[in-house]
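If you number the sequence shown the way this note's numbering does, the last residue is 334 and the count never jumps.
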Amino acid sequence: MRLTRFARLEYAVSMVGGKPGLSLLARQLAESSEIVDPDSLVFGETGIYRLTPGGALTQVAFFRADNDIDSDTLGPLFEQHAHHGGFNGDAVVDALHHYHLVECPVLVEQALHAWPGEYAIGQHAAGRFPVSFTRGASTVIEVEDQRLKPCPACLERINKRLGRHGGFDSGRFLPGDLLGQAFERVPLGSTAPNMSCRSVPESLRTDWERIEKALLALTDYRCQGEDCPHPELSDPAHRPLMQAHYSGHDVGFEHFAHLRSLCVRCHLQEADHGYLRNRVSHHRYQQTFGHV
Ligand SMILES: [Zn+2]
Ligand SMILES: [Zn+2]
Ligand SMILES: [Zn+2]
């Protein structure tokens, strides 16, 4: 078997417990970007998350990938700087769309207007993103590594949450300060009581409810447990019996967490999950399906 350099990487990842396809996504997010439907993302208080149907969760920077050069702010600047190709001047960078790291008022406003524009996600540690400059329907220039600034409203929220560990300012902040770390090591977040999965690291607890909801919808409320006697729980009456389980970070890409959607019966068989036996959801399961 002859493998290309990229295929070798894929193969190596599959041998150490990584999931197929994850290396592809990781490379994509680090080196280029992925155009997304914003509605497919989880916007949380501690991060913006990309979740795949396979259960891979990672934190991303979210940005608007198209810039209208005829707009009031960009128009005059663009004429002066157009010959440079990429734009490093602070005035131009200021006039471009910022990238976002958490749900903020600017994003809520965009969502209310049905997301006008083309949106993308990435994990560009150095804060340089692929964006296009458009005039009407046509693309005038595509820039591979355009410097963008972080959204001040997002940074304000992050700083508030981090307290004395915060103090990021938008001039010096780089996405690598927050992205690319294992969730177990990210300082953001807080504890939430009565979570069904106690393996969830602190950094994800604030947003876990939203993440869990998104995962269960993506997997059609189907239990991924081995030997599950009743894996199909998409009936609205059965949906409360489904839970998301945090099974740890990926071996090859520690900034990707692995989640599984499990029914409460299968979830309580995970290590240190015996506490679920006494929860209402488990009693409801037994009422519905008997003792299995
Ligand atoms: Zn923002
Ligand atoms: Zn769990
Ligand atoms: Zn199950």
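Glycine included, every Cβ here is placed at the ideal spot set by N, Cα and C. The model shown is predicted, which means the values in this text are computed figures rather than measured ones.
Would you decide whether residue i is buried or exposed? Buried here means 16 or more other CB atoms lie within 10 Å of its CB.
| i | result |
| --- | --- |
| GLY169 | buried |
| LEU116 | buried |
| GLY213 | exposed |
| THR330 | exposed |
| ASP81 | exposed |
| VAL150 | exposed |
| LEU275 | buried |
| ALA179 | exposed |
| THR88 | buried |
| THR176 | buried |
| VAL58 | Only weak support exists for where VAL58 lies, its pLDDT of 45 falling under 50; the coordinates are left without a value. |
| HIS300 | buried |
| ASP292 | buried |
| TYR91 | buried |
| ASN130 | exposed |
| ARG47 | At ARG47 the pLDDT is 48, less than 50, meaning the model places this residue with poor confidence; the figure from the coordinates comes in the next sentence. By the 10 Å Cβ count, ARG47 comes out exposed. |
| HIS324 | buried |
| GLY332 | exposed |
| HIS142 | buried |
| ARG281 | exposed |
| TYR327 | buried |
| SER74 | exposed |
| GLY294 | buried |
| GLY97 | buried |
| GLU251 | exposed |
| GLU145 | buried |
| ALA68 | buried |
| ARG319 | exposed |
Hey, residue i and residue j are a contact pair by Cβ (cut 8 angstroms); roughly how many whole angstroms apart?
| i | j | result |
| --- | --- | --- |
| ASP187 | GLY86 | With a Cβ gap of about 28 angstroms, ASP187 and GLY86 do not count as contacting. |
| ILE163 | GLU76 | 5 angstroms |
| ARG264 | SER303 | 7 angstroms |
| ASP219 | PHE210 | 7 angstroms |
| LEU83 | GLN165 | Rounded, the Cβ-Cβ distance is 13 angstroms, inconsistent with contact. |
| HIS155 | ARG106 | About 12 angstroms; that fails the 8 angstroms criterion. |
Over the uninterrupted beta strand (DSSP E) stretch that includes residue i, give me the two end residues.
| i | result |
| --- | --- |
| ARG264 | Segment: none, ARG264 is in no beta strand (DSSP E) and carries neither H nor E. |
| ARG177 | 170-177 |
| VAL78 | 76-78 |
| GLN101 | 98-101 |
| LEU143 | No beta strand (DSSP E) holds LEU143; DSSP gives it neither H nor E. |
| ARG92 | 90-93 |
Between the Cα of residue i and those of the options, spot the shortest distance and give me the residue it belongs to.
| i | options | result |
| --- | --- | --- |
| LEU66 | PHE298, SER303, CYS308 and LEU310 | PHE298 |
| VAL322 | VAL306, PRO273 and ALA167 | VAL306 |
| LEU216 | PRO192, GLU226 and TYR91 | PRO192 |
| HIS287 | ALA313, ILE111 and CYS146 | ALA313 |
| LYS351 | PRO271, GLN285, SER245 and CYS270 | Here the chain has residues from 43 to 334 only, and residue 351 is not among them. |
| LEU197 | HIS309, ALA103 and ARG281 | ALA103 |
| THR261 | THR94, GLN70, GLY63 and ILE90 | THR94 |
| GLN101 | ASP114, ASP112, ALA107 and ALA72 | ALA72 |
| LEU204 | PRO282, GLY159, PHE295 and SER245 | SER245 |
| VAL134 | PHE171, LEU190, ALA98 and GLY332 | LEU190 |
| VAL78 | ALA167, ALA195, HIS309 and TYR161 | TYR161 |
| GLN223 | TRP157, ALA195, PRO194 and PRO243 | PRO243 |
| ALA137 | CYS239, GLY96 and ASP108 | ASP108 |
| PRO278 | LEU258, ASP269, GLY294 and GLU296 | LEU258 |
| ARG227 | GLU296, ALA167 and ASP112 | GLU296 |
| PRO273 | ILE253, ASP112, CYS308 and VAL185 | CYS308 |
| HIS335 | SER238, ILE200 and ILE253 | Outside the shown range of the chain (43 to 334) lies residue 335, about which nothing can therefore be said. |
Following the continuous alpha helix (DSSP H) through residue i, name the residue where it begins and the one where it ends.
| i | result |
| --- | --- |
| GLN152 | 147-154 |
| ASN109 | Segment 108-110 is the beta strand (DSSP E) holding ASN109; no alpha helix (DSSP H) there. |
| ARG247 | 244-247 |
| GLN165 | Note, GLN165: premise wrong, no alpha helix (DSSP H); not H, not E. |
| ARG65 | A small correction: the amino acid at residue 65 is Ser; Arg does not occupy that position in the sequence shown. 64-73 is the span of the alpha helix (DSSP H), which, as asked, contains SER65. |
| ASP132 | 132-137 |
### Message
In chain order, what are the residue ranges of uninterrupted beta strand (DSSP E) at least 3 long that sit wholly in the stretch 252-303?
### Response
284-291
### Task
Only counting runs of 3 or more residues, tell me where the beta strand (DSSP E) segments fall wholly within the stretch 298-332, in order along the chain.
298-305
### Unbroken stretches of the alpha helix (DSSP H), 4 residues or longer, contained in the stretch 179-218
194-204
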